[in-house]
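Undergrad: Protein chains in written order, with our numbering: chain R, 320 to 442; chain A, 320 to 442.
There are 2 protein chains.
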Amino acid sequence: MAGVHDISSKPSHHGKSEIAVLKRKQLSENQMHLMAKALADPRRYEMLRQIGAKNSAVPSAVPCTDVHDCQPVSAATLSHHIKQLEMAGLITIIRQCKFANLVLQRNIFQANLDHLEKILPQT
Amino acid sequence: MAGVHDISSKPSHHGKSEIAVLKRKQLSENQMHLMAKALADPRRYEMLRQIGAKNSAVPSAVPCTDVHDCQPVSAATLSHHIKQLEMAGLITIIRQCKFANLVLQRNIFQANLDHLEKILPQT
DNA sequence: CCTTCAATTCGATAACCATCTGATTGATGA
DNA sequence: TCATCAATCAGATGGTTATCGAATTGAAGG
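1. Residues of chain R with CB closer than 8 Å to the CB of A/R368, please, in chain order.
2. Got a sec? Which residues, its chain only, sit under 7 Å from A/M354 by beta carbon, not counting five neighbours each side?
3. So which of R/A394, R/K342, R/I413, R/G371 has the shortest CA-CA distance to R/N426?
4. I think R/H352 touches A/P361, with their Cβ atoms under 8 Å apart; what is that distance to the nearest whole Å?
5. According to the neighbour-count rule (16 or more other Cβ atoms, all chains shown, within 10 Å of its Cβ), is A/H399 buried or exposed?
6. Among the residues of its own chain, which have a CB less than 6 Å from the CB of A/K335, if the five just before and after it don't count?
7. If we ignore side chains and look at the alpha-carbon of each, how far apart do A/T411 and R/N420 end up?
8. Exposed or buried, A/K356, counting other C-beta atoms within 10 Å across all chains shown (16 or more means buried)?
9. With distance defined between alpha-carbon atoms, name the residue in R/L439, R/R343, R/F428, R/L341 nearest to R/L367.
10. In three-state DSSP terms, what is R/V323?
11. Which word fits A/V340, buried or exposed, when buried means at least 16 other C-beta atoms lie within 10 angstroms of its C-beta?
12. Beta-carbon within less than 6 Å of R/V381's beta-carbon, same chain only, minus the 5 sequence neighbours each way: which residues are those?
13. Rounded to the nearest angstrom, what separates R/I438 and R/C383 at their Cα positions?
14. With DSSP run on the structure shown, which of helix, strand or coil describes A/P382?
15. For a contact meaning CB atoms closer than 8 Å, what does A/K356 contact in chain R?
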């Protein structure tokens, strides 16, 4: 039932660049949707804030265990949320043997915000 | 289970202005959360786009029926989504007897985006 | 080798929510 | 007055997902 009311129709004469633009647009729409879903959960929102917070020794790489210490959930649940954040492109995971370190992808985050602003025409 | 891991604790010596700031902060956090949830549903996202789209006769007031024509859902479902968008502060409803007209609240929308950007420190 | 510990995976459960149908309200016009 | 139509409400249902415990993997350290 998703996409039933698409714009579609307009079958022909796309130049290659037009198609590329469409694909990129759809990609960012999808990214947007993933980010919105990610931020819609209070726990993930909090986690993302922590990961993005400027603090401590290493700039911009937060140990997974630090995040766990701040969130009263099981390791399984935490892992689940981290996967969602990663799939949304909002964080990357740097693995050092046993440990996972989380990095906020500010460029993606910002790109999605910029994309959202364009909902407002003639700002 | 929501809010279990709050910042809280720190019982004393708040100046009045400090409290006001806290309240405002919490308000915008709540607004943020409502907006994220609103945008996380593809249908609501599409509706908001349409309401925000610059078009047609009246600038910035879209008849509810126009939105319904673009969304293959029942009137009840549409009403539900409109309520969510309104509760998130993203639209206001102007009623003219039988009809409802929807207006995107660009200032609220923009304010939430600005608030979100602050997740990224030292941009 | 065995233990420990961080992280992931699996299956189950409960809560949430988008959606529907049907009933209701309130305004319009014949 | 009655039929119509936009919008909302009430209740039910199905799908999605946040959460858990238990089992698994993989890397260190004794």
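We put the CB at the ideal spot given by N, CA and C, even for glycine.
TA: In short:
1. Among the residues of chain R, those whose CB is under 8 Å from the CB of A/R368 are I438, following chain order.
2. For A/M354, same chain residues with a beta-carbon under 7 Å away, outside a window of 5 residues either side, are A407, L409, N431 in chain order.
3. Nearest C-alpha to R/N426: R/G371.
4. Confirmed, Cβ separation roughly 6 Å.
5. Of the residues assessed, A/H399 falls on the exposed side of the cut-off, its CB having fewer than 16 other CB atoms within 10 angstroms.
6. Nothing listed; no residue qualifies.
7. The alpha-carbon of A/T411 is positioned some 43 Å away from that of R/N420.
8. Counting Cβ neighbours within 10 Å, A/K356 comes out buried, since at least 16 surround it.
9. Of the listed residues, the one whose Cα sits closest to R/L367 is R/F428.
10. Because R/V323 sits at a pLDDT of 33, beneath the cut-off of 50, its placement in the model cannot be relied upon, and the following sentence gives the value as read from the coordinates. It is coil, neither helix nor strand.
11. So A/V340 ends up on the exposed side.
12. Excluding its 5 nearest sequence neighbours in each direction, R/V381 has C-beta neighbours in its own chain below 6 Å: I370, L421, listed in chain order.
13. Cα-Cα distance, rounded: 35 Å.
14. Here A/P382 sits in strand by DSSP.
15. By Cβ distance, chain R contributes A359.
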